[in-house]
Each structure stands twice: as C-alpha cells, then as structure tokens.
Amino acid sequence: QVQVVESGGGLVQPGGSLRLSCTTSGDSIDFAAMAWYRQTPGAQRELVASISRLGRLDYSDFVNGRFPLSRAIDENTMYLHMNSLEPGAPGVYYCSSLYGAERDRYWGRGPQVTVES
Numbered sequence: 012q013v014q015v016v017e018s019g020g021g022l023v024q025p026g027g028s029l030r031l032s033c034t035t036s037g038d039s040i041d042f043a044a045m046a047w048y049r050q051t052p053g054a055q056r057e058l059v060a061s062i063s064r065l066g067r068l069d070y071s072d073f074v075n076g077r078f079p080l081s082r083a084i085d086e087n088t089m090y091l092h093m094n095s096l097e098p099g100a101p102g103v104y105y106c107s108s109l110y111g112a113e114r115d116r117y118w119g120r121g122p123q124v125t126v127e128s
C-alpha cells in the first residue's frame, strides 16, 4: 500500500520562504510521476509543479520561477522550495504520486500554507 505524507507547511510572512516535503512509502518514487497541487477556499485544486518519471519538470505559470521542485530518490522524497511567497488566501498543498493509471494515484493530506504579516 502506497502512502504519501507531506510536511513543512505553516505561517510565513510575505516575501518569505518555505520548503514542503513529500515522502512516499510502499513503492519507489523512481517509478512515479509526482506533483504538487494547491487548493484555496472555494477554488478547485490546481497544479503547482510536477516531475515525470524521467525527471522532466513542469510548472504552472503563476509559479514564475519561484518554486523549484526537486526529488531525492534515495530518500523517496520530493521537495517544493517556495520562495517570494505572496499574501493571499491560505492554501492547502497536496502531494500526488502517480504510478501509471489514474487509479494508482495517491494523495497526501496536504499541509496548509498561510502567507500574512
């Protein structure tokens, strides 16, 4: 059974940084396409950044170079380094591990990130 656990959320001031971590157990992330999504109150879940099995990185336009994604296969962990955070509605950031078909997509619970003074 694959399990996904995120950590690293919290409260940060505008312009600050946070690092989110996503650790997968039950299978190697070397076989997974992984991604970070965020959801703000009243809005749909949206893609933030993703990495394919072969290591291709993709980012949504709003990231604008501020949130580099990395992974450590030996640690079975993916990271999202969030910089220059902007104030706004609090968002929950979900990690997704996809092993092939959509039925084999696993989600974490999602840490909340709040950016305010």
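In case it helps, this note's numbering puts the sequence shown at residues 12 to 128.
For glycine and all other residues, C-beta sits at the position ideal for the given N, C-alpha and C.
Roughly how many angstroms lie between the CA atoms of residue i and residue j, to the nearest whole one?
{"i": "Phe78", "j": "Ala100", "result": "18 angstroms"}
{"i": "Arg67", "j": "Leu22", "result": "30 angstroms"}
{"i": "Val132", "j": "Gly119", "result": "The displayed coordinates of the chain run from 12 to 128. Any statement about residue 132 would go beyond what the structure contains."}
{"i": "Tyr117", "j": "Ser107", "result": "6 angstroms"}
{"i": "Val15", "j": "Ser128", "result": "31 angstroms"}
{"i": "Pro25", "j": "Gly102", "result": "14 angstroms"}
{"i": "Phe73", "j": "Glu97", "result": "11 angstroms"}
{"i": "Glu86", "j": "Ser32", "result": "11 angstroms"}
{"i": "Asn75", "j": "Arg114", "result": "31 angstroms"}
{"i": "Asp41", "j": "Leu109", "result": "11 angstroms"}
{"i": "Ile84", "j": "Met45", "result": "12 angstroms"}
{"i": "Leu80", "j": "Thr88", "result": "11 angstroms"}
Applying the 10 Å Cβ sphere with the 16-neighbour rule, what's the burial state of residue i?
{"i": "Arg82", "result": "buried"}
{"i": "Leu65", "result": "exposed"}
{"i": "Pro122", "result": "buried"}
{"i": "Ala112", "result": "exposed"}
{"i": "Ala43", "result": "buried"}
{"i": "Gly53", "result": "exposed"}
On the premise that residue j lies in contact with residue i, defined as a C-beta separation below 8 angstroms, what is that separation, rounded to the nearest angstrom?
{"i": "Tyr90", "j": "Arg30", "result": "6 angstroms"}
{"i": "Ser28", "j": "Asn94", "result": "5 angstroms"}
From the beta carbon of residue i, is the nearest beta carbon of chain B less than 7 angstroms away?
{"i": "Asp115", "result": "Note that chain B does not occur in the displayed structure, where there is just one protein chain."}
Requested in this report: Determine contact between the stretch 51-63 and the stretch 30-38, defined as no fewer than three beta-carbon pairs at a distance below 8 angstroms.
Outcome: no
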